[in-house]
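J.:
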Amino acid sequence: MTRGSATVFIVDDDAGVLKALTRLIGVHGYQTQSFISPREFLALHDGTLPGCAVFDVSMPDLDGLALQEALSTPGAQRPVIFITGQGDVPTSVRAMKAGAIDFLTKPISDEDLLSAIARAIDQDDADRRNRTELASIEARLATLTPREREVLGHVVAGRLNKQIAGDLGTVEKTIKVHRGRMMEKMGVRAVADLVRMAERAGIPLPQR
Amino acid sequence: MTRSNGGIRVVVLCARALLGAAVVLCSPFPAFTSSAHADERAQRVLILHAYNYTFPATSMAADGARERLLQRSPKKIELDAEYLDLVRFSEPGHEQLMANFLRERYAQRRPDVVLAVSGEALPFVIKHRDAFAPGVPVVFIGISREAYASSPPPPDVTGHLVDPESNFSETLALAEGLQPDARRLFVIAGAAPTDRRWQTTARTVIDSRARKFEMTYLFELPYDQLLAEVSRIPSDAIVIALTVLRDGAGKPFVAADVASKIANTSKAPVYYPYISAVGKGVVGGYSETFDSMGRAAADIMLEILGGKDPATIPPRTNPETGYRVDYRALQRWNLSESNLPPGTVILNKPPSIWEEHRNLVLAALAVFALQTAFVAALLMQRHRRRRAELLLKESEERMTVTAASANIGLWQFNPESQELWATEHCRTLFGLERNVPLTRDSFLKAIHPEDRELAISALRSAASGGRPSVQDVRVVQPEGSIRWVRVRAQAHPGGGADPGQLSGIFVDLTDQKTAESEAALQRQEVAHLMRVSVLGELSGAIAHEINQPLTAILSNAQTALYLLARDSPDLAEIREALIDIVHEDNRAGQVIQRLRGLLKKGEKSFEEIDVNELIKSTRSLLNSELIARGVSLETELENSLPATFGDPVQLQQILLNLLMNAMDAMSATPAAERLIMVSTRSAPGGGIEVLVRDRGPGLRPEEEARVFEPFYTTKERGLGLGLTICTTILQAHSGKLSLTNGDAAGAVAVLTLPAQEMLIAAQ
Chain Y
0 MTRGSATVFI VDDDAGVLKA LTRLIGVHGY QTQSFISPRE FLALHDGTLP
50 GCAVFDVSMP DLDGLALQEA LSTPGAQRPV IFITGQGDVP TSVRAMKAGA
100 IDFLTKPISD EDLLSAIARA IDQDDADRRN RTELASIEAR LATLTPRERE
150 VLGHVVAGRL NKQIAGDLGT VEKTIKVHRG RMMEKMGVRA VADLVRMAER
200 AGIPLPQR
Chain Z
0 MTRSNGGIRV VVLCARALLG AAVVLCSPFP AFTSSAHADE RAQRVLILHA
50 YNYTFPATSM AADGARERLL QRSPKKIELD AEYLDLVRFS EPGHEQLMAN
100 FLRERYAQRR PDVVLAVSGE ALPFVIKHRD AFAPGVPVVF IGISREAYAS
150 SPPPPDVTGH LVDPESNFSE TLALAEGLQP DARRLFVIAG AAPTDRRWQT
200 TARTVIDSRA RKFEMTYLFE LPYDQLLAEV SRIPSDAIVI ALTVLRDGAG
250 KPFVAADVAS KIANTSKAPV YYPYISAVGK GVVGGYSETF DSMGRAAADI
300 MLEILGGKDP ATIPPRTNPE TGYRVDYRAL QRWNLSESNL PPGTVILNKP
350 PSIWEEHRNL VLAALAVFAL QTAFVAALLM QRHRRRRAEL LLKESEERMT
400 VTAASANIGL WQFNPESQEL WATEHCRTLF GLERNVPLTR DSFLKAIHPE
450 DRELAISALR SAASGGRPSV QDVRVVQPEG SIRWVRVRAQ AHPGGGADPG
500 QLSGIFVDLT DQKTAESEAA LQRQEVAHLM RVSVLGELSG AIAHEINQPL
550 TAILSNAQTA LYLLARDSPD LAEIREALID IVHEDNRAGQ VIQRLRGLLK
600 KGEKSFEEID VNELIKSTRS LLNSELIARG VSLETELENS LPATFGDPVQ
650 LQQILLNLLM NAMDAMSATP AAERLIMVST RSAPGGGIEV LVRDRGPGLR
700 PEEEARVFEP FYTTKERGLG LGLTICTTIL QAHSGKLSLT NGDAAGAVAV
750 LTLPAQEMLI AAQ
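Taken in order, these protein sequences are the chains called Y and Z. Residue numbering for the first sequence follows numbering that gives the first Met the number 0, beginning at 0 and increasing consecutively. Residue numbering for the second sequence follows numbering that gives the first Met the number 0, beginning at 0 and increasing consecutively.
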């Protein structure tokens, strides 16, 4: 992912700080969107754009930690970097536990900020790929008939066609047809690929 | 005091003076040389006064003439004087009676020249000259140019002319100069022929002038009605009194006395174009001194006595005419000496009183000494009286000594005579040397220049109103140190219209004032410590307020450096960043300035304050603290609020205290509801109200009664001094503070400050 296609969302209630950070981040090649109030950000935030967020911790009405929480909902996720004028330990712990990339204290060195942004964007990139892949697996799973879905479970569990036919009370030939259709719908040739997909999609392996 | 040891010498001096005066009084101007030499017959001058001997103006003129004649004449001079009394006795037969009398009296004593004093005397002399002085040249004084022109006398009659038009218009010019704001003009004159001429002159001059006044002519009124009218003249008017030799009811008067009475009845300054009432209440006018008129006439007479033909001597005007004003009257009306036309002669100015009126003072002393001698004689005869006097004196001394030991000076002042009596201790209080006379002016001079006006106005208000007045003033001691003296004055009304005596005490307040200022210093110190401790609580928040601009500065600087390191730097962007750096640096500077203001120690400085601005500035200081505590602050500031007057640091301290209290009060309030509402509004009666409402638990009844007590606190770690200091500060600002429960939940603090105009008026 290149810098130019990533957007950094900056929220700070201090106009001077907001402008300076936006300028600094902008000249380093990122797209920027800046917001003077948390409510404005929530109203205008576009979760589909790749990139990260930089939040001031102490703001009137809604603080940075509350914004972080709002970004954990599906469709809005992106990594967060916190900046604060009065960084206290309990607040930073809470932020990091909630998955913040970094917790920087004002005044902020450009190196720290830019490296945190780079990391955040890499993570966002990975997260997005991850989410895309999962979505495609789930889309494929959705095309399976209940019988094919059942067969998939047994295949992933490493059972042979004959064993599966026995378990399901049918003949091996029928299982073979289901298995072939299922492998085709899922877009895989090898059982190993199917196992990896099932794992990504969180399909529990049957107990033996 | 000094009276007793100088008494004897004065008595001797006065005895002589009185002897001289007695001779003069007994026969107006007797032959000064009873042993005239046979070969050198004395030359005779007959002075004819139009009025009687109670008329001081003509007497002074005659005196001037006499002095000049005796001084300059090469030959012996004999002077005779007669009072024609033409105004009082205006019956037709009176003139003839006087003419007959003169004929009889001067048949054997022919004058060589006749001096007619004033406008009324000249027609008489011309008409009856043949009876008592046929063919004798006549010299006149006090004839107006107009009167002379309208009926020119025979050629052997000459003299000295006056120019009433110029006297009147210059007197009016003097008044306008002294009272530039006056819009109303009152002119007063009587009903005698002279008075009527003045009426005409006044109307002519006033009609011809460019500047117009709202005019009131008080002409020819009966005396009582005139005084009643005069007493109703508003204080901002100009009053010009002209002669009232006869009132509207036909009653004769001495014009100078009428002018003086008018001056003392009127609430506005009175001007008079004759010297005779200067010193008796009128401010002054454009006039000639009567003695100079006399001298001018004497010079003409000397030419005639020296053999010159009177027909060749044209009438002249007096070169000694000019502006003459009374210093005491200027003081009384608070008229500025600097508004006087150049060349004005100021009479009765204290340093020159002795020089200008040596004779008058000597005569006054003579009268005083005579009285003393008389009293002394009586005392010798009546032992009991002396005992009474002694007892009185002892009691007075006891009182004086007691007063002195209590550091109090006693004084008494007679505004009429400007005479001041004061105990010796007053000297000590005012640091006056032994040789300085104890006068009103020497006391005023010792007072610090900035306080002098206060003292004068206090004395004036005591003299005018019935209530005693009190004023604390600083007195500069000879070595330069400052002493605080409380001046207490009270008027003791005399009988009738007499302004009466003013008396009072001087109390030394220096120790008290020193203690007060020390206490004030301590209060300042405590207030300062409170501010420092509040700022201590706020230190984190304030650090954040400075940290914000620093953050912006750092980011902008790093941006600029990054851009500069590029191959083709974007100069416009660099410029923007630098501009923001400058802006943010200013912002940091302002925070520090606000802080420095609050940390400042020392004297309070009063200046004009916009309360709304003060609230905004205090809010900026507290911004981070409000966010950190999750408290919202809303303001509802009235736009057209009057300014107040005060010390911005101290008033900000009050706001800080109230806002911190409000925040503290809401520590247990759910975060979403923590709101401070600050509103300003004009208070009924012209003041300003600042309301600080919180949403805390409010005040419990027992707290409500006690919150303003020193060291009482509802906070766990409070000192209980915040509101006490607020109250003290507000007292100095003439403001007040109340703390009650609001309509909804929470407490409301109401801060009331006076509007600026009120405070200035109070000062």
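All C-beta atoms, glycine included, are put in the ideal place defined by N, C-alpha and C. For clarity, every value in this text was computed on a predicted model and none was experimentally measured.
1. In terms of residue numbering, what span does the beta strand (DSSP E) encompassing V10 (chain Y) cover?
2. Which bits of chain Y does I626 (chain Z) rub up against, with CB to CB less than 9 angstroms?
3. Which whole runs of the beta strand (DSSP E) in the segment 115-197 of chain Z are 3 residues long or more, in chain order?
4. Below 7 angstroms on C-beta distance, what does S631 (chain Z) contact in chain Y?
5. Using only CA atoms, which one of Z:E624, Z:A488, Z:L528 and Z:R245 lies nearest to S460 (chain Z)?
6. Go ahead and pull the three-state DSSP assignment for E418 (chain Z).
7. Does S416 (chain Z) pass the burial test, meaning 16 or more other C-beta atoms within 10 Å, or should it be called exposed?
8. Could you check whether V269 (chain Z) and A295 (chain Z) sit closer than 8 angstroms to each other, using their CB atoms as the reference points?
9. Suppose contacts are defined by Cβ-Cβ distances below 8 angstroms. Is H177 (chain Y) in contact with L113 (chain Y) by that definition?
10. Is the Cβ of A119 (chain Y) closer than 8 angstroms to any Cβ of chain Z?
11. Measure from the C-beta of R93 (chain Y) to each C-beta in chain Z and report whether the shortest distance is under 8 angstroms.
12. For chain Z, check one thing: does any of its Cβ atoms lie closer than 8 angstroms to the Cβ of P78 (chain Y)?
13. Please state whether DSSP places E633 (chain Z) in a helix, a strand or coil.
14. Using only the alpha-carbon positions, how far apart do G15 (chain Y) and D121 (chain Y) sit?
15. Among Z:V281, Z:N555, Z:Q651 and Z:A148, which one has its Cα closest to the Cα of I573 (chain Z)?
16. If we cut at 8 angstroms on Cβ distances, does D192 (chain Y) have a partner in chain Z?
17. Cβ of E319 (chain Z) within 8 angstroms of Cβ of I312 (chain Z)?
18. Have a look at T713 (chain Z) and E688 (chain Z) and give me their C-alpha separation to the nearest angstrom.
19. Say whether chain Z places a C-beta atom closer than 8 angstroms to the C-beta of P37 (chain Y).
20. So, does the CB of G479 (chain Z) fall closer than 8 angstroms to a CB anywhere in chain Y?
21. So with Cβ pairs under 8 angstroms, would you call L758 (chain Z) a contact of chain Y?
22. If contact means a Cβ-Cβ distance below 8 angstroms, which residues of the segment 577-601 of chain Z contact chain Y?
23. Under 8 angstroms Cβ-Cβ, which residues of chain Z neighbour P106 (chain Y)?
24. Considering only residues of the same chain and omitting the five flanking positions on each side of A248 (chain Z), which have a CB-CB separation below 8 angstroms?
25. Which residues, in order along the segment 22-33 of chain Y, keep a beta-carbon less than 8 angstroms from a beta-carbon of chain Z?
26. Note down, in chain order, each residue of its chain lying with its Cβ closer than 6 angstroms to the Cβ of E169 (chain Z), except the 5 sequence neighbours on either side.
27. Can you check whether the CB of A52 (chain Y) is closer than 8 angstroms to the CB of L70 (chain Y)?
28. To the nearest angstrom, how far is the alpha carbon of M659 (chain Z) from that of K266 (chain Z)?
29. By alpha-carbon positions, which one of Z:R195, Z:T288, Z:P179 and Z:F252 ends up nearest to D235 (chain Z)?
30. Need the endpoints of the beta strand (DSSP E) that R146 (chain Y) sits in, please.
31. Can you pull the DSSP bridge partners for H527 (chain Z)?
32. Using only the alpha-carbon positions, how far apart do S207 (chain Z) and D256 (chain Z) sit?
33. Going by the beta-carbon positions, is the gap between L655 (chain Z) and T617 (chain Z) smaller than 8 angstroms?
34. Do the CB positions of G176 (chain Z) and N338 (chain Z) come within less than 8 angstroms of each other?
35. Which value, in whole angstroms, describes the spacing of the CA atoms of Q470 (chain Z) and T200 (chain Z)?
36. Leaving out five residues before and five after N347 (chain Z) in sequence, what residues of the same chain have Cβ atoms less than 7 angstroms from its Cβ?
T.: Judging by the given coordinates:
1. T6 to V10
2. D12, S57, M58, P59 and D62
3. 137-143, 156-161 and 183-188
4. P59
5. Z:A488
6. strand
7. exposed
8. no
9. no
10. no
11. no
12. no
13. strand
14. 28 angstroms
15. Z:N555
16. no
17. no
18. 25 angstroms
19. no
20. no
21. Note that L758 (chain Z) scores a pLDDT of 43, beneath 50, so its modelled location is shaky; the value from the coordinates is reported in the next line. Output row for L758 (chain Z): interface = no.
22. D579, H582, E583 and R586
23. N546, L549, T550, I552, L553 and S554
24. P221 and Y222
25. R22, L23, V26 and H27
26. Y285
27. yes
28. 58 angstroms
29. Z:P179
30. Segment P145 to V155 is the alpha helix (DSSP H) holding R146 (chain Y); no beta strand (DSSP E) there.
31. Beta-bridge pairing links H527 (chain Z) to no other residue.
32. 30 angstroms
33. yes
34. yes
35. 48 angstroms
36. G278, D325, Y326 and R327
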